[in-house]
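**Student:** The structure follows.
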Amino acid sequence: MLLPNYFEDLSLTALNVEADRSYFIPYRKADDFDGGNRRQSSRYIDLNGIWDFHYFENVRHIDQAYWQAYCQESLDYDQIPVPSCWQLHGYGQIQYSNTEFPIPYDPPYVPYHNPAGLYHRKIEIDSLEEDYFLNFEGVDSAFYLWLNGQFVGYSQISHRQSEFDLTDYLHVGENDLHILVLQWCDGTYYEDQDKFRYSGIFRDVYLLQRSKARITDYQITQSFNDDLSQASIHLALQGVGLEKEVKLRLLDPQGNTLYQGSMPANSELTIPVDQPLLWNAETPYLYEIYLESDQEIIRQALGLRQIEIRDQIFYVNQVPVKLIGVNQHDSQPNTGATVTLDEQIKDLTLMKQYNFNAIRTAHYPKTAEFYELTDRMGFYVISEADIECHGVVDLYGLGGNDNYNMMADDPAFAQQFKDRMLHSMRPFMNYASIVFWSGGNESGYGICIEEMLQAARELDPSRPLHYEAYWYHDRQKTYNTDCLDMWSRMYPSVEEIEELYFSQPAQKPFILCEYIHAMGNGPGDIKAYYDFMMAHDSFIGAFVWEWADHAVNLNRHQPDQEPLYRYGGDHGEYPHAGNFCMDGLMYPDRTPHTGVLDHRQVFRPVKLVSFDQEHFQARIQSYYDFINLKDQVDFKLEVYDQAGQLTDTLSVGSLDCPGQGQATLDLSPYQEACSDAAMLRLVAYQQAEGYELGFDCIQLQAYQLTDLPAQAKTVSVQDLVDRIAVHIDDVTLSIAKESGAIQELSLNGVDQLTRPSYWTIWRAPIDNDRNIRKEWEQANYHHTRTRIHDYQIEESDQGIDIRLKGVLNALARQTILDLDIHWQISPQGQVHISCQVEKNPIMPFLPRFGMVLPLTSEYQSVNYLGNGPHESYEDKHHANFQARFNQDIDDLYEAYVTPQENGAHNQVLDLTVKGSQAHIAVQADSSLSFNLSAYSIDQLTQVAHRDQLQKEDSHYLILDYAQSGTGSNACGPELAKDYQLNDPSFNFSFTLALIQD
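For the sequence shown, this note's numbering begins at 71 and goes up steadily by one.
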């Protein structure tokens, strides 16, 4: 091999890379800059753009030094954008993998066939009076660098800031820059994150033109007096060639100059600040420090805040704070791991709208621009090292999770663990939004992790340290946990958390670094965790897994086309983890899942405590920590009449209520306008942007249901060979003797069904059913049929009674349900159905129980009084409220990328399904759940991608007694028993009428 083999050497992560420093961008004095965009600096030379590119199938087979001038003509180049991921431009294999390593486990060695990409571009240099530093913010997985044919250096750690001094390799005029990027290196064993495995220069590349006399580094620390009335900013400054002192200015958040002075290079200075405006996620006040040398100005935004863990509680500025968090990968469907600044701003803006205040950078550090945004926009950040060694649990015969510590407890890997941790910290230590450092993810525990965390503590003693996988430590060994500042877990049940961490006095605060796995139609257990966290002061935070679905858009080069999303296994890769990457609160294009609406509502920052109906006053609790509601929140009052219909919306204004306080919102001026109301919905809005923060419902009186038609009808019954036919004037209702369900429902001889209805317990499995689905399928729940054993027909003055007794069973399996079905047809033509169900206790809990009616496609819309307007389930309904809604069939469809059960509405009291000539009216005895879908349960079960679904000739109305909840068992605990449809017996009853319009 022509190259020195640095990529299979555990003792080496970089060669000739500049020492880590605090991130900053220097400006010239003449530059017109506001500090918000580094590209405004004339010292910042952007190298993003179109580069020459040649893809090699195997780095070991490169037989010429193509980075040398004499070899360049012998190589044909394509072109590729930088930054980008080369798999999304036609090179190599697109692959999504989760826990499994994408290569054989043979450290430090990687596969003999190791793809590589040679990048080339010209750099024009006018003068060498100053120095030039080349910066890479992300290259996966390792790279060699040449300038004008001279080897400059090597670096790995994919998400590391790598800076090279090019000054001695440059000449005036045109310079040749070559970068050879390798797909695999020994670092691959540390970078086994749950994501698409992309390669290339995927983050920004730029040159910094620096004065010979310059600031080389600075670090800022801060301290406070006891009552936070005075802050001290401590600045340690380093420089080279600076003969004059560096000028220094400190500006407050309003732009006023608080301090002006100077200091020599390689010295330290402390600046007092009286009555500081303190930074937090709600009021992210930023001071500014300007450092000016002869030729350069550096601007540093600075948030003054005190963070501490005291008595197992997390405090920001001496106020206890809960971290309402989400995990976020860098992922876009068109560009993979390459994300733009605007895309990051969009994500952060959406997070604010859905009531998040914290982010875990899963599972690697972000760019400095991201931390600048979180400083400015206000987020608490757990910044994580580029470490995950999850693949060791999948090695054959070594015990699964019992083998988690294989690398973490092996001293051969210690140096790289430590390097990765420190490189993830050092550039970003001046950012206020970073409140914890995290030592990586899912890598087991052992001496390597202990040494790594100890080194982190020495580098930055001011921030708490997080690491989750201590849970997997060897119980036979004793470890020092002094550098673990919290107990952290993933996906335990609430019951397990209580038993293990809160049944005795807490030794450390507790945090869920991942929970409520937000895959597909879910998560459904948000409120259970919320209630528990809010009840325990030392339960300091929880982070949803995860922010957005990962997918590859097949139409990424055709922006005018609908996206076609694909995931693991759709690209011919092995191994892969299927659609396990489709686990976000947002679709790949950042359209919200309904699950994030539930999160917003459960974690709403403003809540109704009580309502005094006589005086029409609402007692309000603020869950903001610092702001007064009057500065951020307005209220509106929606008025719903006795039919559940929205009749008025009233602007209520704001409320003077301090953070974590209570106040009374006087609604008496609106009492008269609400005199006929059955329900009020009090909605809190963010003042400036106008988005909803959450709501509370005030039920003043019960809703009045719409009466079904009750005029006298001519009613008769026929006992036919295969069915029982009931004639109600011009309506014929036939009940199948095989199933006890509706075989025919016709009006004037025109059947409203495309095929007979049937009783069902099967739903198209949601992603969170993936574990219980195995039991359901073992019990053949997806191959059930109903068998009526006996029936009776009785006619009287009260109408017609039809009783059918039978079972619901499955092919090759025993009885699942005993059914006692009772049809009652009144002289007024109302049809009442009652089904008494007895469940076989040996069988798994049911996905659902209900009747499927395949209606003609003329039935396009619904009017219902029940939970809306979004889909709702037993444990996923908090973003909904009970009122009257009109929706068409497209409104009811939730387009999950992987088709599955969707669009149900529960707690429904009455329902009208509207066709072109008639409508079907349903009234529940207590309540029911319904779906109306253009896709059958079978199709939703079998089809892998939403764009492959085919509209059918039927619109499927499903009337359910109930469905089991959604939970988060794709990765989290099994569905809570309260949300399992597992009653030993139950009765499902409702009244139905077919009415001609």
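Virtual Cβ for every residue (Gly too), placed ideally from N, Cα, C. From a predicted model like this one, the values you see are computed outputs, not experimental measurements.
Does the beta-carbon distance from Val251 to Ile227 come in below 8 Å?
**Tutor:** Here residue 251 refers to the residue found at position 181 when the sequence shown is read from its first residue. Here residue 227 refers to the residue found at position 157 when the sequence shown is read from its first residue. Result no, Cβ atoms of Val251 and Ile227 do not sit closer than 8 Å.
**Student:** DSSP state of Gln279, grouped into three classes?
**Tutor:** By 1-based counting over the sequence shown, the position of residue 279 is 209. Three-state result, Gln279: strand.
**Student:** Quick one: what's got a C-beta closer than 6 Å to Arg1134's C-beta in the same chain, skipping five residues either side?
**Tutor:** Lying outside 71 to 1067, the shown extent of the chain, residue 1134 is not represented and no answer is given.
**Student:** Reducing DSSP to helix, strand and coil, say where Phe487 ends up.
**Tutor:** Here residue 487 corresponds to residue number 417 of the sequence shown, with the count starting at 1. Phe487: helix per DSSP, three-state reduction.
**Student:** CB-CB under 6 Å to Asp58, same chain, minus the five flanking residues each way: which ones, in chain order?
**Tutor:** In this structure the chain extends from 71 to 1067, so residue 58 is not present and cannot be described.
**Student:** Straight-line CA distance for His493 to Asp122?
**Tutor:** Taking the sequence shown and counting its residues from 1, one reaches residue 493 at position 423. Taking the sequence shown and counting its residues from 1, one reaches residue 122 at position 52. Each residue's alpha carbon lies about 30 Å from the other.
**Student:** Quick check: what's the CA-CA separation for His685 versus Ser738?
**Tutor:** Here the question's residue 685 lines up with position 615 in the sequence shown. Here the question's residue 738 lines up with position 668 in the sequence shown. Cα to Cα, the separation comes out at about 6 Å.
**Student:** In the DSSP assignment, find the unbroken alpha helix (DSSP H) run with Glu568 in it and report its ends.
**Tutor:** Counted from its first residue, the sequence shown places residue 568 at position 498. Boundaries of the alpha helix (DSSP H) harbouring Glu568: Val564 to Tyr571, taken from the DSSP string.
**Student:** Can you give me the C-alpha to C-alpha distance between Leu725 and Ala782, rounded to a whole angstrom?
**Tutor:** Against the sequence shown, residue 725 aligns to sequence position 655. Against the sequence shown, residue 782 aligns to sequence position 712. Between Leu725 and Ala782, the C-alpha separation is close to 56 Å.
**Student:** Counting along the chain, where does the alpha helix (DSSP H) carrying Thr237 start and finish?
**Tutor:** Against the sequence shown, residue 237 aligns to sequence position 167. Note, Thr237: premise wrong, no alpha helix (DSSP H); not H, not E.
**Student:** Work out the CA separation of His852 and Leu1062 for me, nearest whole Å.
**Tutor:** Walking along the sequence shown from the start, residue 1062 turns up at place 992. Walking along the sequence shown from the start, residue 852 turns up at place 782. Answer to the nearest angstrom: the Cα atoms are 27 Å apart.
**Student:** What residues match up with Arg873 in a beta bridge as DSSP calls it?
**Tutor:** Taking the sequence shown and counting its residues from 1, one reaches residue 873 at position 803. Partner(s): Gln862 and His892.
**Student:** Write down every uninterrupted run of the alpha helix (DSSP H) in the segment 955 to 1014 whose length is 4 residues or greater and which is fully enclosed by it, in chain order.
**Tutor:** 959 to 962 and 1007 to 1012
**Student:** Is DSSP giving Ile150 helix, strand or coil here?
**Tutor:** The residue given as residue 150 occupies position 80 in the sequence shown. If DSSP states are grouped into helix, strand and coil, Ile150 belongs with the strands.
**Student:** Could you tell me which of Glu315, Pro178, Gly639 and Leu320 sits nearest to His304, measuring between CA atoms?
**Tutor:** What you label residue 304 is simply residue 234 of the sequence shown in a count that begins at 1. Distances from the CA of His304 to each of Glu315, Pro178, Gly639 and Leu320 were compared; the closest alpha carbon is that of Leu320.
**Student:** Going by DSSP, what residues sit across from Pro390 in a beta bridge?
**Tutor:** Translated into the one-based positions of the sequence shown, residue 390 becomes position 320. DSSP output for Pro390 lists Tyr385 as bridge partner(s).
**Student:** Just list the residues that DSSP pairs Asn397 with in beta bridges.
**Tutor:** What you label residue 397 is simply residue 327 of the sequence shown in a count that begins at 1. Answer is Arg430.
**Student:** Alpha carbon to alpha carbon, what distance is there between Leu889 and Ala795?
**Tutor:** Mapped onto the sequence shown, residue 795 falls at position 725. Mapped onto the sequence shown, residue 889 falls at position 819. C-alpha separation (whole angstroms): 20 Å.
**Student:** Residues in its own chain within less than 8 Å of Phe449 by CB, not counting five upstream and five downstream?
**Tutor:** Position 379 of the sequence shown, counted from the first residue, corresponds to residue 449. Excluding positions up to five away in sequence, the list reads Ala351, Leu418, Met421, Phe426, Asn427, Ala428, Ile429 and Ser503.
**Student:** By how many angstroms is the C-alpha of Ala612 removed from the C-alpha of Asp871?
**Tutor:** Reading the sequence shown from its first residue, position 801 is the one you call residue 871. Reading the sequence shown from its first residue, position 542 is the one you call residue 612. Those two C-alpha atoms are separated by around 55 Å.
**Student:** So, with DSSP's three-state summary, where would you put Tyr1031?
**Tutor:** Start at 1 with the first residue of the sequence shown, and residue 1031 comes out as number 961. Look at Tyr1031 here: in three-state DSSP terms it is strand.
**Student:** Given this structure, state the Cα-to-Cα distance separating Pro390 from Trp541, to the nearest angstrom.
**Tutor:** Stepping through the sequence shown from its first residue, residue 390 is reached at position 320. Stepping through the sequence shown from its first residue, residue 541 is reached at position 471. Answer to the nearest angstrom: the Cα atoms are 26 Å apart.
**Student:** Could you check if Ile912 is buried or exposed, using at least 16 other CB atoms within 10 Å of its CB as the buried criterion?
**Tutor:** Here the question's residue 912 lines up with position 842 in the sequence shown. Under this definition Ile912 is an exposed residue.
**Student:** For Met604, count neighbouring Cβ atoms within 10 angstroms of its own Cβ and tell me buried if that reaches 16, exposed if not.
**Tutor:** For this step, residue 604 is matched to residue 534 along the sequence shown. Classification for Met604: exposed.
**Student:** Just mark Ile1153 as buried or exposed, buried being the case when its beta carbon has 16 or more other beta carbons within 10 Å.
**Tutor:** The chain is shown from 71 up to 1067; residue 1153 falls before or after that span and cannot be answered.
**Student:** How many angstroms separate the CA atom of Pro728 from the CA atom of Ile610?
**Tutor:** Residue numbering aside, residue 728 sits at position 658 when the sequence shown is read from its first letter. Residue numbering aside, residue 610 sits at position 540 when the sequence shown is read from its first letter. Each residue's alpha carbon lies about 21 Å from the other.
**Student:** Given 8 Å as the limit, is there contact between the segment 577 to 589 and the segment 544 to 563, that is, 3 or more CB pairs closer than that?
**Tutor:** yes
**Student:** In three-state DSSP terms, what is Asn471?
**Tutor:** If you number the sequence shown from 1, residue 471 lands on position 401. In the structure shown, Asn471 sits in a helix (DSSP, three-state: H, G or I).
**Student:** What's the gap between the Cα of Ala1004 and the Cα of Ala747?
**Tutor:** Position 934 of the sequence shown, counted from the first residue, corresponds to residue 1004. Position 677 of the sequence shown, counted from the first residue, corresponds to residue 747. So the alpha carbons of these two residues sit roughly 36 Å apart.
**Student:** Where DSSP assigns a beta bridge to Thr854, which residues make up the other side?
**Tutor:** What you label residue 854 is simply residue 784 of the sequence shown in a count that begins at 1. Looking at the DSSP assignment, Thr854 forms a beta bridge with Ala880.
**Student:** Are Pro96 and Leu278 close, meaning C-beta to C-beta below 8 Å?
**Tutor:** Locating residue 96 in the sequence shown gives position 26, where the first residue counts as 1. Locating residue 278 in the sequence shown gives position 208, where the first residue counts as 1. At a Cβ-Cβ threshold of 8 Å, Pro96 and Leu278 count as neighbours.
**Student:** Tell me which same chain residues have a C-beta within less than 6 Å of the C-beta of Arg230, skipping the five on either side of it?
**Tutor:** Numbered from 1 along the sequence shown, position 160 holds the residue referred to as residue 230. Only His493 meet the Cβ criterion.
**Student:** Note down the Cα distance separating Phe1058 from Asp464, rounded to an integer number of angstroms.
**Tutor:** Numbered from its first residue, the sequence shown carries residue 1058 at position 988. Numbered from its first residue, the sequence shown carries residue 464 at position 394. Straight-line Cα distance between these residues: approximately 46 Å.
**Student:** Please confirm if the segment 772 to 780 is in contact with the segment 708 to 727, defined as three or more CB-CB distances below 8 Å between the two stretches.
**Tutor:** Contact between the segment 772 to 780 and the segment 708 to 727 is present, because at least three Cβ pairs lie under 8 Å.
**Student:** Quick check: the Cα distance between Gly920 and His1015, rounded to an integer number of angstroms?
**Tutor:** If you number the sequence shown from 1, residue 920 lands on position 850. If you number the sequence shown from 1, residue 1015 lands on position 945. Approximately 26 Å, taken between the alpha carbons.
**Student:** My parser needs the beta strand (DSSP E) runs of 3 or more residues fully inside the segment 785 to 833; what are they?
**Tutor:** 785 to 789, 793 to 798, 801 to 806, 812 to 817 and 828 to 830
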